[in-house]
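There are 2 protein chains.
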Amino acid sequence: MAGRRGISAMAQKQLLVLVDLDGVMADFDGHFLTKWKQTYPEEPFIALEDRKTFYLVDQYETLKEGLKPKIKSVYQSKGFFRELPPIAGACDALKEMNEMEGVEVFICSSPLFFYKYSSTEKFAWVEHYLGADWINRTILTRDKTIVNGHILIDDNVKIKGAVDFPSWEHVVFTAHYNKHMNLRGKKRLDNWTDGSWRDLIMDFKKRL
Amino acid sequence: MAGRRGISAMAQKQLLVLVDLDGVMADFDGHFLTKWKQTYPEEPFIALEDRKTFYLVDQYETLKEGLKPKIKSVYQSKGFFRELPPIAGACDALKEMNEMEGVEVFICSSPLFFYKYSSTEKFAWVEHYLGADWINRTILTRDKTIVNGHILIDDNVKIKGAVDFPSWEHVVFTAHYNKHMNLRGKKRLDNWTDGSWRDLIMDFKKRL
Numbered sequence: 007m008a009g010r011r012g013i014s015a016m017a018q019k020q021l022l023v024l025v026d027l028d029g030v031m032a033d034f035d036g037h038f039l040t041k042w043k044q045t046y047p048e049e050p051f052i053a054l055e056d057r058k059t060f061y062l063v064d065q066y067e068t069l070k071e072g073l074k075p076k077i078k079s080v081y082q083s084k085g086f087f088r089e090l091p092p093i094a095g096a097c098d099a100l101k102e103m104n105e106m107e108g109v110e111v112f113i114c115s116s117p118l119f120f121y122k123y124s125s126t127e128k129f130a131w132v133e134h135y136l137g138a139d140w141i142n143r144t145i146l147t148r149d150k151t152i153v154n155g156h157i158l159i160d161d162n163v164k165i166k167g168a169v170d171f172p173s174w175e176h177v178v179f180t181a182h183y184n185k186h187m188n189l190r191g192k193k194r195l196d197n198w199t200d201g202s203w204r205d206l207i208m209d210f211k212k213r214l
Numbered sequence: 007m008a009g010r011r012g013i014s015a016m017a018q019k020q021l022l023v024l025v026d027l028d029g030v031m032a033d034f035d036g037h038f039l040t041k042w043k044q045t046y047p048e049e050p051f052i053a054l055e056d057r058k059t060f061y062l063v064d065q066y067e068t069l070k071e072g073l074k075p076k077i078k079s080v081y082q083s084k085g086f087f088r089e090l091p092p093i094a095g096a097c098d099a100l101k102e103m104n105e106m107e108g109v110e111v112f113i114c115s116s117p118l119f120f121y122k123y124s125s126t127e128k129f130a131w132v133e134h135y136l137g138a139d140w141i142n143r144t145i146l147t148r149d150k151t152i153v154n155g156h157i158l159i160d161d162n163v164k165i166k167g168a169v170d171f172p173s174w175e176h177v178v179f180t181a182h183y184n185k186h187m188n189l190r191g192k193k194r195l196d197n198w199t200d201g202s203w204r205d206l207i208m209d210f211k212k213r214l
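Line by line, the protein sequences are chains A and B. The numbering of the first sequence is the working numbering, which starts it at 7 and goes up by one. The numbering of the second sequence is the working numbering, which starts it at 7 and goes up by one.
This is the structure in C-alpha cells:
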C-alpha cells in the first residue's frame, strides 16, 4: 500500500470521493421509524430528534428489554433497503459531484451481516435513484478502511477495520443521533441542500 | 490516498491480500460448461482447455452467432453463483493464509452488472465455504483498483478502473484461458495445492 505506487496514484489528480448510503444518501432511521410504528404499533418508539446511538438497536433496548428480535425483523425484511427514501438533495448532489472535472465518486456501503436482501437491494436502490451506470460505482464492504479514497462521507462517527490509517479523511454526515457528538476535529457535512458540499469538494481538490 | 497517511498505513506491517472469487476460489468456467451442456445440449461448446478469453461470451460468439442471450441465461440464473464448485485447495489456503501472523485476507469480487442473484449468492458462497466471519472480509465492487491492498490475486489479466496505479501488485491466478497469455512481467500463482502460495506470501511479507 502507498509507497512508490501510492505516490504515483496521487499524480493522477483525480479526487476519489466515497459516499456512504444509509444515513447519508438514504434515510435509514426515518424509514425504520415508519415501518416500526406500522409493524409494532403497541411498542415504544424513539422520535428521530431523540436518537442518540449509531445502531438504533442499542438505544431501543434501553426502552424495553427484548425488543431486539422485533427491531431486526423490521430492517432485515425483504424490501426494507429497496424502499429507503432518498435524503433530500443527495442524488442530485452525487450526480453533479461526479460530473465535476477531476472528481470520481463511489458509493461505499456496508451490507447487513444478514446480507440476504440488503446486498441486492442496495444495488437496486442505486440503480433506481442514480442510474444503472452507478452499479459500476458501488462498493459493498463491511470494512471501509480497506477502500482507497481521499474523502469518506459517512454518518458513522467511528469507522474501524483492518487498516489502522485509512487513505481517506472521514467527513461526518450530520444525523439526528450524531449531531451532539464530539467529532475530535473531524469535518462535518450537514446536508445535501445548502450547497456546502461543493465547497468541501473544492477544498479537497485544492490539496491534491 | 497515500502521502502521509499512506506511509503511516505501511507502518502497520499487516500484509493485505485481496483474493478474487470467480476463477480463483470458485470454478466459474467449469460450472458454466456443466450447466451449458445440461441446458443447451444441442449447442456447441468450448472445452476448458480450449478456452482463450476472460469473458466466455467473447469466445462462444465466435462459434455461432446469437449465442449471447443463451449464455447470459445460464450465468444470470438463480443459484448459478451459489452452486459454483470451489477450486481445489482454495478455501483451506485462504483460511491458513488469514491465520498467518501479520496477514489480513479479503475476498474482492465483482458482482455481475445483472446483480440480482450474484451479489447475494457471492456472500452466501463465502459464508458456506469459509464461514460467517468471512462476510466481514468480502468486498463486492466492479472496480477493484479502488481497493487498497498489497497483493490482488486475480485470474483477469487486465484490471482497469478509476485508479490508474492501484496500491496492489497484481498476481495472476492461472486459468485455462490465461495460461498462454503474456503477463508482461506479472507474477503467477498456478494453483492452491502445491504450497507455492506460501512462498508468494512470505516473499511479499519480507518487503513490508
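Quick reminder that beta carbons are idealized off the backbone N, C-alpha and C, glycines included.
Where residue i and residue j are concerned, what is the direct C-alpha to C-alpha distance, given to the nearest angstrom?
i: residue 35 of chain B; j: residue 204 of chain B; result: 25 angstroms
i: residue 187 of chain B; j: residue 64 of chain B; result: 16 angstroms
i: residue 185 of chain A; j: residue 192 of chain B; result: 49 angstroms
i: residue 156 of chain A; j: residue 143 of chain A; result: 15 angstroms
i: residue 124 of chain A; j: residue 147 of chain B; result: 15 angstroms
i: residue 162 of chain A; j: residue 180 of chain A; result: 9 angstroms
i: residue 202 of chain A; j: residue 152 of chain B; result: 26 angstroms
i: residue 138 of chain B; j: residue 25 of chain A; result: 26 angstroms
i: residue 210 of chain B; j: residue 129 of chain B; result: 28 angstroms
i: residue 28 of chain A; j: residue 77 of chain A; result: 17 angstroms
i: residue 108 of chain B; j: residue 68 of chain B; result: 47 angstroms
i: residue 167 of chain A; j: residue 113 of chain B; result: 15 angstroms
i: residue 173 of chain A; j: residue 72 of chain A; result: 40 angstroms
i: residue 154 of chain A; j: residue 154 of chain B; result: 5 angstroms
i: residue 84 of chain B; j: residue 47 of chain B; result: 20 angstroms
i: residue 150 of chain B; j: residue 150 of chain A; result: 14 angstroms
i: residue 169 of chain B; j: residue 208 of chain B; result: 27 angstroms
i: residue 56 of chain A; j: residue 171 of chain A; result: 32 angstroms
If you drop the 5 nearest sequence neighbours on each side, which residues of the same chain put their C-beta closer than 8 angstroms to that of residue i?
i: residue 92 of chain A; result: 31, 32, 33 and 135
i: residue 70 of chain A; result: 49 and 50
i: residue 133 of chain B; result: 140 and 141
i: residue 177 of chain A; result: 157, 158, 159, 160, 192, 193, 194, 195 and 206
i: residue 5 of chain B; result: As displayed, chain B neither begins before 7 nor continues past 214, which places residue 5 of chain B out of reach and without an answer.
i: residue 117 of chain A; result: 124, 125, 128, 146 and 148
i: residue 79 of chain A; result: 45
i: residue 98 of chain A; result: 198
i: residue 164 of chain A; result: 60
Where do the ends of the alpha helix (DSSP H) carrying residue i lie?
i: residue 132 of chain B; result: 121-136
i: residue 214 of chain B; result: Run containing residue 214 of chain B: none; DSSP gives neither H nor E here.
i: residue 68 of chain A; result: 62-69
i: residue 100 of chain B; result: 96-105
i: residue 76 of chain A; result: 74-81
Where does residue i land, buried or exposed, given buried means 16+ other C-beta within 10 angstroms?
i: residue 105 of chain B; result: exposed
i: residue 189 of chain B; result: exposed
i: residue 53 of chain A; result: exposed
i: residue 75 of chain A; result: exposed
i: residue 213 of chain A; result: exposed
i: residue 61 of chain A; result: exposed
i: residue 8 of chain B; result: Here the model assigns residue 8 of chain B a pLDDT of 42, short of 50, so the residue's position is not dependable and the matter cannot be decided.
i: residue 115 of chain A; result: buried
i: residue 19 of chain A; result: exposed
Which first and last residues belong to the beta strand (DSSP E) in which residue i is found?
i: residue 176 of chain A; result: 175-179
i: residue 38 of chain B; result: Per DSSP, residue 38 of chain B belongs to no beta strand (DSSP E); it is in the alpha helix (DSSP H), 34-45.
i: residue 112 of chain B; result: 109-115
i: residue 169 of chain A; result: No beta strand (DSSP E) contains residue 169 of chain A, which DSSP labels as neither H nor E.
i: residue 160 of chain B; result: 157-160
i: residue 145 of chain B; result: 144-147
i: residue 25 of chain B; result: 21-25
Leaving out the 5 sequence neighbours to the left and right, which residues in its chain are closer than 6 angstroms to residue i when beta-carbon positions are compared?
i: residue 44 of chain B; result: none
i: residue 197 of chain A; result: none
i: residue 175 of chain B; result: 157
i: residue 58 of chain A; result: 65 and 183
Among the residues of its own chain, which have a CB less than 7 angstroms from the CB of residue i, if the five just before and after it don't count?
i: residue 111 of chain B; result: 23, 25, 100, 103, 104 and 143
i: residue 39 of chain A; result: 51 and 54
i: residue 81 of chain A; result: 38
i: residue 119 of chain A; result: none
i: residue 12 of chain B; result: Its pLDDT being 45, under 50, residue 12 of chain B is placed unreliably in this model, and the coordinates cannot settle the point.
Contact check, residue i vs residue j under 8 angstroms by CB: the rounded distance?
i: residue 87 of chain A; j: residue 41 of chain A; result: Not quite, the Cβ-Cβ distance comes to about 11 angstroms (not below 8 angstroms), so this is no contact.
Determine, for residue i, whether the minimum Cβ-Cβ distance to residues of chain E falls below 8 angstroms.
i: residue 190 of chain B; result: Note that chain E does not occur in the displayed structure, where the protein chains are A and B.
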